[in-house]
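Residues in the sequence shown are numbered consecutively from 3, following the working numbering. Virtual Cβ for every residue (Gly too), placed ideally from N, Cα, C.
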Amino acid sequence: MIVEERMRTYINSLDPGNTEFLENLEKDALSSGVPIIRREMQSFIKVLLAVKKPKRILEVGTAVGFSTLLMCEYGLPDLEITTIENYEKRIPVAKENFLRAGRNGQITLLEGDAGQILKELEGKYDLIFMDAAKGQYIHWLEDVIRLLAPEGILLSDNVLQEGELIESHYLVERRNRTIYKRMREYLYTLKHDKRLMTSILPLGDGAALSIKMPLDPMTMDKEEI
């Protein structure tokens with residue numbers, strides 16, 4: 003564990019950082035106790051954006067808008083992001099940050115319960131970033147897959163629960179056991195769903211990178227073709 007922490011510290015020391023606006027936003031968020039995606043995930047997302055070049059992104063979990071703005075900054079100039087947030091106190095902060103960054107024209111912030119909003123959304127997204135209530139990931143998955151474009155990417159953050167996920171069920175605090183059970187079910191489903199190809203990465207607090215497999219014309223209904 004100590005070696006892993008030293009490796010993480012070293013790798014993060016190589017990171018050149020972000021724009022001044024994002025650096026200040028991160029400091030403000032952390033000082034206020036608002037969770038921000040870790041440096042390892044920030045770097046990974048930048049590379050993912052450069053490789054995939056998504057034009058439409060769906061983010062589940064806005065918080066104060068740091069990851070949203072990171073994707074705007076390092077994605078395509080015409081990138082469009084739809085982001086969902088349910089925590090009322092953070093919504094106006096996110097809106098203000100989008101305005102200050104001059105990115106509000108690229109971002110659509112949907113307020114309310116993600117489970118309900120996902121059911122109502124239509125269209126296809128090239129990248130979906132899941133970073134909200136971890137115990138709900140498994141309940142949202144069917145709608146997320148429906149909304150993901152063929153060969154689109156689903157990136158799920160914080161899936162290893164600070165290492166608790168590899169422990170015995172009986173060693174996990176009772177209050178965390180529901181999340182533990184649901185996240186294990188989520189990861190199992192990601193790895194075994196034939197519509198997806200998934201790699202689970204020891205990145206930050208754990209990430210799952212899933213690719214939606216392209217449609218097979220031989221198995222498609224006539225309506226789908």
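### Task
In angstroms with no decimal places, state the Cα-to-Cα distance between GLU187 and GLN138.
Indexing the sequence shown from 1 puts residue 187 at position 185. Indexing the sequence shown from 1 puts residue 138 at position 136. The alpha-carbon of GLU187 is positioned some 11 Å away from that of GLN138.
### Message
Could you compute how far the alpha carbon of ILE86 sits from the alpha carbon of PHE100?
### Response
Looking up residue 86 in the sequence shown gives position 84. Looking up residue 100 in the sequence shown gives position 98. Rounded to whole angstroms, ILE86 to PHE100 spans 14 Å at the Cα level.
#### Entry: C-alpha gap between GLY165 and LEU157, whole angstroms
The residue labelled residue 165 in the question sits at position 163 within the sequence shown. The residue labelled residue 157 in the question sits at position 155 within the sequence shown. In this predicted model, GLY165 has a pLDDT of only 45, less than 50, meaning its place in the structure is not dependable enough to derive any value.
### ALA210 versus ASP133, PHE68, PRO152, residue with shortest Cα-Cα distance
As a position in the sequence shown, residue 210 is number 208, starting the count at 1. Checked all of ASP133, PHE68, PRO152; the closest Cα to ALA210 is ASP133.
#### Entry: Cβ contact check for the segment 190-199 and the segment 15-27: 3 or more pairs under 8 Å
no
### Task
Throw me the rounded Cβ distance for the GLN44 and LEU81 pair, which I believe falls under 8 Å.
Counting from one through the sequence shown, the residue named residue 44 turns up at place 42. Counting from one through the sequence shown, the residue named residue 81 turns up at place 79. Contact between GLN44 and LEU81 does not hold, since their C-beta atoms are separated by about 16 Å, which reaches or exceeds 8 Å.
### Nearest candidate by alpha-carbon position, reference GLY206, set ARG8, ILE39, PHE23, GLU153
Reading the sequence shown from its first residue, position 204 is the one you call residue 206. Per the Cα distances, ILE39.
### Query
Roughly how many whole angstroms lie between the Cα atoms of PRO152 and LYS214?
For the purposes of this step, residue 152 is taken as residue 150 along the sequence shown, with counting starting at 1. For the purposes of this step, residue 214 is taken as residue 212 along the sequence shown, with counting starting at 1. Those two C-alpha atoms are separated by around 5 Å.
### Task
Would you tell me roughly how many angstroms separate the C-alpha atoms of ARG105 and LEU71, rounded to the nearest one?
The residue you call residue 105 lines up with position 103 of the sequence shown. The residue you call residue 71 lines up with position 69 of the sequence shown. Whole-angstrom Cα-Cα distance: 7 Å.
### Task
Starting from GLU124, trace the beta strand (DSSP E) both ways and give me its first and last residue.
Here residue 124 refers to the residue found at position 122 when the sequence shown is read from its first residue. No beta strand (DSSP E) contains GLU124, which DSSP labels as neither H nor E.
### Query
How big is the Cα-Cα spacing for LEU217 and GLU113?
The count along the sequence shown starts at 1 and reaches residue 217 at position 215. The count along the sequence shown starts at 1 and reaches residue 113 at position 111. About 32 Å.
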